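Residue numbers (the working numbering): 56 to 491.
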């Protein structure tokens, strides 16, 4: 009995220790860092103050912290260690050329963790690292030509969870490769030519949402389609298997040629999806929006660059931006396919040529419609200098960007940011309607 009691006590102690460790791992960090401007935007030569503050009680002898400042996502500007006790610790930094500066802080004991903050200097002077290919338009005109002609979409009623809206699953054939697949939502009883339309494009892996609607009256036709043409409405394990097998690292495939890169068929499905919306009898013939984040942001930019019928876009933390950033001494955009070898030269020069046909900066140059972008200054996936290069290339007169010093790679899942993008679309639609 005594032995059993001892065993139970020991197990209880182990459980308590495990709970303590888990709680510590998920506890709020004991320090935080912020810049002295709410948007993190500075002029070249202006000092940015990065202030580290305790957010909880620290050890009596202080917390030992390692710091590193990283310039343009690729170069270590400075690094070192310091000890913080009860008082804040401040660092002053600047840059004399346009670009981004990020600090990363790490500590050990009694817990471990990382916090980051970013600043960006003269961001509206960050330009694309390379010119566009001379035959960029000709190449994409040939891709559009392969999509010419009639097609019949399979449109099947699906369950609606939004009162007043009806939902359909849509499957659209393609001349090659997987079909377009997704969900179309529209208000019940919509009259012909009475609704604007919006396409929701997807990040690197995200199944379409059958309940996606654009808030507000009189409502819109919504098409939420997946990026890969796979089946919809399947059990979660189906998508996990896709990610582990057929779609494993798809973003690295086919860069040897512009005709074989994985994103070619994705962008052709995008063009067909946009065309499908314009063929809906309810479409009003003027309002055509595209909304996406990350890979979906890249698709939004490509949609407007390839189809002048697109009237407004939201591209949050967009991918595929400034894919040749190395040529300007900066980090490149996701999917970071261009690796450098000796002397800073690309290991695969053919990847560089392919990238220029799919770089968001080159689609952005052709966009005339109102455009909303967002970028986080601690985003390591789609770094802010790459996003700014695309934003500054925009041909739009009406454009806006949300710059967030403490945000990493998040947009579509951040409801506050998502609402800002939706409000931008509503404002553009309202002004377009008032002007007609």
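Think of the CB as a built atom: it goes at the ideal place given N, C-alpha and C, for glycine as much as any other residue.
Since the model is a prediction, treat every value here as computed from it, not as a measurement.
- By the Cβ-count criterion, residue 402 is exposed, with fewer than 16 other Cβ atoms from all chains shown falling within 10 Å of its own Cβ.
- Between residue 244 and residue 349, the gap from beta carbon to beta carbon reaches 7 Å or more.
- By the beta-carbon neighbour count (other beta carbons within 10 angstroms, threshold 16), residue 133 is exposed.
- A distance below 6 Å between beta-carbons, with the five flanking residues on each side excluded, links residue 301 to no residue of its chain.
- When 290, 162, 274 and 308 are compared, the shortest CA-CA separation from residue 406 is found for 308.
- Per DSSP, residue 113 has no beta bridge partner at all.
- A residue is called buried when at least 16 other Cβ atoms come within 10 angstroms of its Cβ; residue 361 meets this threshold and is buried.
- A Cβ-Cβ contact shorter than 7 Å links residue 429 with residue 457.
- In the DSSP assignment, residue 139 forms a beta bridge with 118.
- In the three-state scheme derived from DSSP, where H, G and I count as helix and E and B as strand, residue 455 is classed as strand.
- With contact defined as three or more Cβ pairs closer than 8 Å, the stretch 364-384 and the stretch 279-293 are not in contact.
- Going by C-alpha positions, residue 319 is about 10 Å away from residue 412.
- Taking 4 residues as the minimum length, the alpha helix (DSSP H) runs contained wholly in the stretch 154-214 are 191-200, in order along the chain.
- The C-alpha of residue 473 is placed about 11 Å away from the C-alpha of residue 427.
- Counting along the chain, residue 322 sits inside the alpha helix (DSSP H) bounded by residues 317-333.
- If you check the CB distance, residue 95 and residue 173 come in under 7 Å.
- With a threshold of 16 other beta carbon atoms within 10 Å, residue 304 falls short and is exposed.
- In the DSSP assignment, residue 415 falls outside any beta strand (DSSP E) and within the unbroken alpha helix (DSSP H) covering 415-419.
- Between residue 136 and residue 148, the C-beta gap is not smaller than 7 Å, which leaves the two residues out of contact.
- In this structure, the CA atom of residue 206 is about 35 Å from the CA atom of residue 448.
- Between residue 380 and residue 184, the gap from beta carbon to beta carbon is short of 7 Å.
- Just so you know, the alpha carbons of residue 97 and residue 196 end up roughly 41 Å apart.
- The beta carbon of residue 162 is closer than 6 Å to those of 118 and 120 in its chain, skipping five residues each way along the sequence.
- Membership of residue 488 in the alpha helix (DSSP H) is indicated by the continuous run 470-489.
- By the Cβ test, the stretch 320-328 is in contact with the stretch 231-239, since at least three Cβ pairs between them sit closer than 8 Å.
- By the 16-neighbour rule on beta-carbons within 10 angstroms, residue 211 is exposed.
- For the options 253, 338 and 289, the alpha carbon positioned closest to that of residue 367 is the one of 253.
- In the three-state DSSP reduction, residue 356 falls in the helix class (H, G or I).
- Residue range 291-299 is occupied by the alpha helix (DSSP H) that includes residue 297.
- Between the beta-carbon of residue 409 and that of residue 312 there is about 6 Å, and that keeps the pair under the 8 Å contact cut.
- For residue 250, the pairing in a beta bridge is given by DSSP as 338.
- DSSP places residue 405 within a helical segment (H, G or I) once states are collapsed to three.
- Between the alpha carbons of residue 275 and residue 242 lies a distance of about 7 Å.
- Around the CB of residue 488, fewer than 16 other CB atoms lie within 10 Å, so the residue is classed as exposed.
- With a contact defined as Cβ atoms closer than 8 Å, residue 356 and residue 370 qualify at about 5 Å.
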